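Have a look at the structure below before the remarks.
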Amino acid sequence: MSSKVIHSSEYECESCCQWCFWPSLSLQQEAEKFIPKDVPKGHMVVYVGHDQKRYVIKITLLKHPLFKALLDQARDQHDDSTTPPRLWIPCDEHVFLHVVRCAR
């Protein structure tokens, strides 16, 4: 499976993501099994479009208003518990890439 690294702008935010504190080491070790090893620190994987193409993006992109709109759309379209536990943005891949370019 190939993936692309998308670099957003140098825009920095103080609180891009809020992480929970793990109550025990065993839970943290369990969670680390699901973190892909090819994803650099400060980045995350998203799957885009009908074919669910894999992209690696900077987490700072999550705060951009255009990207938030894509996330809201994804949540509205797939707000059920049967979807796999990964971030899938069901928009057209070209729309996604345009949003990423605008967020730079």
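The opening residue of the sequence shown carries number 334 in the working numbering; numbering runs sequentially from there. For every residue, glycine included, the Cβ atom is placed at its ideal position computed from N, Cα and C. For clarity, every value in this text was computed on a predicted model and none was experimentally measured.
Those residues which DSSP pairs with residue i across a bridge
i	result
residue 391	376
residue 381	386, 422
Length of the line joining the Cα atoms of residue i and residue j
i	j	result
residue 407	residue 371	24 Å
residue 420	residue 369	13 Å
residue 388	residue 377	8 Å
residue 386	residue 380	5 Å
residue 373	residue 431	23 Å
residue 436	residue 384	23 Å
residue 399	residue 382	16 Å
residue 396	residue 375	13 Å
Per-residue burial, residue i [other beta carbons within 10 Å of its own, 16 or more giving buried]
i	result
residue 411	exposed
residue 401	exposed
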